[in-house]
Amino acid sequence: MTKMVWNRILELLKGYRHLMVLALLFACLQVVFSLIIPIYTGYAIDQMLGVAQVNFSALVGIISKMAVFTVIAVFAQWGLTLTLNQLSYSIIHRLRCESVDVIEHLPIKTLDERAHGDFISRVVTDVEIISDGLIQGLPQLFSGILTILGTLAFMFSISASITLIVLISTPISMIVASQISKKSYSRFKQQSATRGELTGYANEFLENPMLVRVFSYQEETIHLFSEINQRLYSSGQKAQFYSSLTNPSTRLINNTLYTLIGIIGAISAMNGGMSVGSLSAFLVYSTQFMKPFNEISGVLTELQNALASLQRVIDLLDMKQEIEPEGLHELSAIDGAIDMQDVAFSYTDKPFIEHFSMTIEPKRIVAIVGPTGCGKTTLINLIMRFYEINSGVIRIDDWSLDDISKDSLRHSIGMVLQDSWLFKGTIKENIAYGRPDASDEEIIQVAKETYLHDFILRMKDGYDTVVSEEDTGISQGQKQLLCLARVILSNPPVLILDEATSNIDTRTERAIQVTIDRMMEQKTSIIIAHRLSTIEKADKIIVMKDGRIIETGKHQELLSKHGFYSQLYQAQFENQ
Amino acid sequence: MRVFDHFLRYKKHFVLGPIFKLLEAIFELLLPLLMARIIDEGILNHDLNTITKVGLMMLALTISGYGFSIICQYFASVASQGVGTSLRNALYQKINELTQEQVQHLGSNTLTTRINSDVNQIQLAVAMLIRLAVRAPFIVIGSVVLAGIINLQLTAIFVAVMILIALVLYSTMRKSIPFYRRIQGKIDQLTLVLSENLSGVRVIRAFAAQHRETKRFKEASQDVRQDLIRVGRIAAVMNPLTYLFVNCGILLVLWFGGKQVDGGLLLSGQVVALVNYLTQIFLALVVVANITVIFTRGFASSARVNEILKLQPQFTEGALDVIPSSFTQLEVQDLGFRYQDSHIDFLQHISFTVEEGEILGIIGGTGSGKSTLAYLLNRLYDASCGRILFYGRELKDYRFKTLRDSIGLVMQKNALLSGTLRYNLGLSDPSIDDERMIEALRVAQAYDFVFKDKQGLDAVIEQGGKNLSGGQRQRLCIARTLCKQPRILILDDSFSALDYATDYALRSALRSTYPHMTMVFISQRISSIQYANQILVLDQGKQVSLGTHDELLKASVVYQEIYRSQNGGAEHD
Numbered sequence: 008m009t010k011m012v013w014n015r016i017l018e019l020l021k022g023y024r025h026l027m028v029l030a031l032l033f034a035c036l037q038v039v040f041s042l043i044i045p046i047y048t049g050y051a052i053d054q055m056l057g058v059a060q061v062n063f064s065a066l067v068g069i070i071s072k073m074a075v076f077t078v079i080a081v082f083a084q085w086g087l088t089l090t091l092n093q094l095s096y097s098i099i100h101r102l103r104c105e106s107v108d109v110i111e112h113l114p115i116k117t118l119d120e121r122a123h124g125d126f127i128s129r130v131v132t133d134v135e136i137i138s139d140g141l142i143q144g145l146p147q148l149f150s151g152i153l154t155i156l157g158t159l160a161f162m163f164s165i166s167a168s169i170t171l172i173v174l175i176s177t178p179i180s181m182i183v184a185s186q187i188s189k190k191s192y193s194r195f196k197q198q199s200a201t202r203g204e205l206t207g208y209a210n211e212f213l214e215n216p217m218l219v220r221v222f223s224y225q226e227e228t229i230h231l232f233s234e235i236n237q238r239l240y241s242s243g244q245k246a247q248f249y250s251s252l253t254n255p256s257t258r259l260i261n262n263t264l265y266t267l268i269g270i271i272g273a274i275s276a277m278n279g280g281m282s283v284g285s286l287s288a289f290l291v292y293s294t295q296f297m298k299p300f301n302e303i304s305g306v307l308t309e310l311q312n313a314l315a316s317l318q319r320v321i322d323l324l325d326m327k328q329e330i331e332p333e334g335l336h337e338l339s340a341i342d343g344a345i346d347m348q349d350v351a352f353s354y355t356d357k358p359f360i361e362h363f364s365m366t367i368e369p370k371r372i373v374a375i376v377g378p379t380g381c382g383k384t385t386l387i388n389l390i391m392r393f394y395e396i397n398s399g400v401i402r403i404d405d406w407s408l409d410d411i412s413k414d415s416l417r418h419s420i421g422m423v424l425q426d427s428w429l430f431k432g433t434i435k436e437n438i439a440y441g442r443p444d445a446s447d448e449e450i451i452q453v454a455k456e457t458y459l460h461d462f463i464l465r466m467k468d469g470y471d472t473v474v475s476e477e478d479t480g481i482s483q484g485q486k487q488l489l490c491l492a493r494v495i496l497s498n499p500p501v502l503i504l505d506e507a508t509s510n511i512d513t514r515t516e517r518a519i520q521v522t523i524d525r526m527m528e529q530k531t532s533i534i535i536a537h538r539l540s541t542i543e544k545a546d547k548i549i550v551m552k553d554g555r556i557i558e559t560g561k562h563q564e565l566l567s568k569h570g571f572y573s574q575l576y577q578a579q580f581e582n583q
Numbered sequence: 188m189r190v191f192d193h194f195l196r197y198k199k200h201f202v203l204g205p206i207f208k209l210l211e212a213i214f215e216l217l218l219p220l221l222m223a224r225i226i227d228e229g230i231l232n233h234d235l236n237t238i239t240k241v242g243l244m245m246l247a248l249t250i251s252g253y254g255f256s257i258i259c260q261y262f263a264s265v266a267s268q269g270v271g272t273s274l275r276n277a278l279y280q281k282i283n284e285l286t287q288e289q290v291q292h293l294g295s296n297t298l299t300t301r302i303n304s305d306v307n308q309i310q311l312a313v314a315m316l317i318r319l320a321v322r323a324p325f326i327v328i329g330s331v332v333l334a335g336i337i338n339l340q341l342t343a344i345f346v347a348v349m350i351l352i353a354l355v356l357y358s359t360m361r362k363s364i365p366f367y368r369r370i371q372g373k374i375d376q377l378t379l380v381l382s383e384n385l386s387g388v389r390v391i392r393a394f395a396a397q398h399r400e401t402k403r404f405k406e407a408s409q410d411v412r413q414d415l416i417r418v419g420r421i422a423a424v425m426n427p428l429t430y431l432f433v434n435c436g437i438l439l440v441l442w443f444g445g446k447q448v449d450g451g452l453l454l455s456g457q458v459v460a461l462v463n464y465l466t467q468i469f470l471a472l473v474v475v476a477n478i479t480v481i482f483t484r485g486f487a488s489s490a491r492v493n494e495i496l497k498l499q500p501q502f503t504e505g506a507l508d509v510i511p512s513s514f515t516q517l518e519v520q521d522l523g524f525r526y527q528d529s530h531i532d533f534l535q536h537i538s539f540t541v542e543e544g545e546i547l548g549i550i551g552g553t554g555s556g557k558s559t560l561a562y563l564l565n566r567l568y569d570a571s572c573g574r575i576l577f578y579g580r581e582l583k584d585y586r587f588k589t590l591r592d593s594i595g596l597v598m599q600k601n602a603l604l605s606g607t608l609r610y611n612l613g614l615s616d617p618s619i620d621d622e623r624m625i626e627a628l629r630v631a632q633a634y635d636f637v638f639k640d641k642q643g644l645d646a647v648i649e650q651g652g653k654n655l656s657g658g659q660r661q662r663l664c665i666a667r668t669l670c671k672q673p674r675i676l677i678l679d680d681s682f683s684a685l686d687y688a689t690d691y692a693l694r695s696a697l698r699s700t701y702p703h704m705t706m707v708f709i710s711q712r713i714s715s716i717q718y719a720n721q722i723l724v725l726d727q728g729k730q731v732s733l734g735t736h737d738e739l740l741k742a743s744v745v746y747q748e749i750y751r752s753q754n755g756g757a758e759h760d
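In structure tokens form, the structure reads like this:
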């Protein structure tokens, strides 16, 4: 539990000062009035001296006062609960929002490297635990401390000497509680880390149900899952057991205290030191006094759990983000010239692309070909700024990519990747992803142009049919067509097609070629494709191998060179 | 097994835990009673002996109570974490038993929430059940009984107070259960948006739609928040009302107690004891009120877990684990298929026969049912009509593993798992040796790029193979299936990201390395399938024609069109 974490907690609570103040106010009211009531109980009992010696008029007065106090305490408590709810659920919400704000700015590399399930576990489960423990716990801690102080004051007013016994025992229970919570903190930390691991593991397989089945991997994955799960059990069981010792331990101390007060109080009452009524009030106080201790110690363990989760959320919030400086240029209507000069890039510590230079004139069609793994997709990643170059410069219309905002850059480029991606939503929403304001007519128009219209109409709810990436009722080729339709609808000045039609059959491809050709008119287009028929028409073909450009030129020029391109080209006929 | 059955596994803990808690509670209850003796016998009679004797007894009770409660806490931690662990295992196992279609229908997001969030809620409820819920009623009932011993008339007040409180607890619980179910459903939605944000990050950023996605998440989160606050409002009345009723009880006890003291029916020390019991009851009930929320959420969550646990797989595996010999290898008879909630046939009247070592090509337009046919051959789905015979026996007679090891499917959508390459290649059988893996990599034309790095088979693959190019992923996926050395290899458009040279090299290596392996090539490229023994042409789920390349060129209009679309350009050159 470092100081930093506490600072973060305070920071987190900052925006909710008014709620905190309100909560404190209600807590004070509640504590004070619920503490006064036992005093009056004592008074009331002192009116009952014995047979025919009960002072009823005084009793009525006392009871009616108590009634008023009760009502105040009830309302204070109600207000406190409502305020705390508001506070804690707002903080859950806020933590989640802050988390996605961070995720939004994380480099793609970071996202690729980590299990998505672990992110989910942090944002969903850990945040929940924080609010359960921390947010509900802190005020309980506060009202607990208030109760203790208040009780002490009231007790002092009755008997100083007995109160001293109570005071001596206080450090003991605090020490016991803190020892226990120290022990449980490390267990809780381990528990939430293992929980993240389990979610990460399971999520990968839950997202790929077909893989598990095709490879008959069920038994194995169930086995591995249960292994992680077993570790989660053992850390969870220990965390829970150690933390649950706090309550009984403080209760042990408090009950001992209760007994001691009783014995000493009785002796002193016997000697006329205090009245039976006072002793009764005192005993009620000592129970009252125990209650917050029990609560606080219980809260402390909850806090440990929450802190362990908070640490994980803080780790997420502190991940290195890509934050853009202010005042970057916003690209608007552009010509679409792309220029790369002496670019170097690597995914790992091994250089992948070095001294790479390439120029694409505006409104031209450029095709990039080469064996897989030669760096074609990497180029796209760099132009889209999914990854940052190590050195060199990439320019678009004479603007260095570093000087323009990423959003405006990406708005200017339409990209279709080989891996289609549909989000869970209607077909209509999926097509209109790049332009949510598109009208139904426009959506239907592009669906027709991409030969999806008939298929969509055959689906259960037509354009309103809900689809998702996991859906197998819609074929891979159709998903690619949907992704293509998306980009056609958003109509950006630069177009990147990375194997965008690889799963589409050639007849359909040929049919939509008209659409694609029309789309590429007046646009800078970068095409990556293995089907060489799609790239024959390119204004320029760039042939890559091992991260380098080895040939450039038009189709016919390259063929007549009898180089690498011509080999690639011949391959598709030779082998038939 | 439903959620409740998992509780039964911990019967002993569920019984013994509360019993020890009960003992502790009884001891605790005895304390005020003994205290009353100290006051009424000790102080009033000036009897120091009684005071010390009773005092020591109280200490002994306190210490043994502590021992009992430790035992109870231990049982509680074992049972609650045990139930949670066992539920997670059961859920995960159930999900893996369900069919592809069922899992897909549920969606991974809701499954993730159910394994995590919902099981956590149940776990918490179990812990509280053992630790607190049982203790509270004991204390409450015990207090009432002991109060009854002191004074039967005043106990009526106790009973009235408790009935009122029980009503409050019951009605808040009833009101809030549906809320919590809905909230868990909204957490599903939250998980969905978040995981889409992660998996679709490239597309989202390419459309510069991060802000929109973030907003979508925030809206989902806000939705959860509002529901939580709303249900919180219902729960918020519990504690204050409990406090109100208990205090009214105290006031009544004081008033009527005062009257009885006046009438000589009661001692003032007994009034103290009665008030103490009410305070005890209050403290216990505060706990009950707090855990009522936990129970309510637990109930809602166990209903959601049960929803999954009670699902039955749409179909189950057969018993056959030996493959009969001397039959036709694969026979498809009048096969038809439609998805459960669909009204269109994805496949109709498909019939063909494949002999050992043959090559079958399948070609057809986008959405013509090629992949669906591959799924059916792997029994990922069950045919709606018609039959598929593998060595003379229907697919459903075989065990899944036997079938899927013999019919190796390379899925169109390549999926690699985070971990080493060796782990990925050994997915079907971790005991596959390096030699076999290397052979598979060679055939799949993946050897060079894998062994360019010194890590080789130990190379780390990121989630979904994100650190590899599309073509590399495809080749590794092919190698992974080859490691199974299946009798039939189905390649579902698995060359789409490969250049023609690699495509050719791969197909030649396949043929020469595994001459007896039957191969089903599903492809868009005529060049990939034209030497097949027979080619199946599909169009909108229907079998248009079946024959060799030459036959089809003559007879099949669809095939001719496809052929022209791929060679048309070349003809003009």
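If you read the protein sequences in the order shown, they are chains A and B. Position in the first sequence (from 1) plus 7 gives the number in our numbering. Position in the second sequence (from 1) plus 187 gives the number in our numbering. By construction, the Cβ of each residue, glycine as well, lies at the ideal position given by its N, Cα and C atoms.
query                                                                                                                      : result
Within-9 Å CB hit, D690/B to chain A                                                                                       : yes
First through last residue of the beta strand (DSSP E) which encompasses G421/A                                            : 420-423
Assigned secondary structure, F502/B (DSSP; H/G/I helix, E/B strand, else coil)                                            : coil
V766/B vs F194/B beta-carbon contact at 9 Å                                                                                : Any answer about residue 766/B is impossible in this case: the structure gives chain B only from 188 up to 760.
Beta carbon proximity, Y470/A to chain B, threshold 9 Å                                                                    : no
Status (buried if at least 16 other CB within 10 Å, exposed otherwise) for W428/A                                          : buried
H418/A classed as buried or exposed, judged by whether at least 16 other C-beta atoms fall within 10 angstroms             : buried
Same chain only: Cβ atoms within 8 Å of R189/B, ignoring 5 sequence neighbours per side                                    : N493, L496, K497
Terminal residues of the beta strand (DSSP E) in which S295/B lies                                                         : Where S295/B is concerned, there is no enclosing beta strand (DSSP E), although the alpha helix (DSSP H) it sits in stretches over 295-300.
Pairwise C-alpha distance: Y47/A and F40/A                                                                                 : 11 Å
Chain A contact residues for L582/B, given Cβ-Cβ distances below 8 Å                                                       : Under the 8 Å cutoff, chain A gives no residues; its nearest Cβ is about 13 Å from L582/B.
One or two residues paired with L502/A in a DSSP bridge                                                                    : G421/A, S532/A
Cα-Cα separation between T689/B and L603/B, rounded to whole angstroms                                                     : 20 Å
Helix, strand or coil at T366/A according to DSSP, with G and I counted as helix                                           : strand
Which residues DSSP lists as bridging R574/B, in chain order                                                               : Q520/B
Proximity below 9 Å, CB of I375/A to CB of M551/A                                                                          : yes
S407/A (DSSP reduced to helix, strand or coil)                                                                             : strand
CB contact check: M217/A to chain B, cutoff 9 Å                                                                            : yes
Opening and closing residue of the alpha helix (DSSP H) in which A277/B lies                                               : 235-284
Cut-off 7 Å between Cβ atoms - residues of its own chain near D760/B, not counting five sequence neighbours on either side : With a pLDDT of only 33 at D760/B, under 50, the local geometry of the prediction cannot be trusted, and the value read off the model is given with reservation. Excluding residues within five positions, none has a Cβ falling inside 7 Å.
Bridge partners - E581/B, DSSP secondary structure assignment                                                              : L576/B
Heavy atom of the ligand NAD within 8 Å of S256/A beta-carbon                                                              : Because no ligand of any kind appears in the structure shown, any question about the ligand NAD cannot be addressed here.
Min CB distance W85/A to chain B below 9 Å                                                                                 : yes
CA-to-CA distance, K547/A to A578/A, given in whole angstroms                                                              : 20 Å
Terminal residues of the alpha helix (DSSP H) in which T117/A lies                                                         : 115-120
Helix, strand or coil at L614/B according to DSSP, with G and I counted as helix                                           : coil
Distance between R101/A and Q318/A (C-alpha atoms, nearest Å)                                                              : 16 Å
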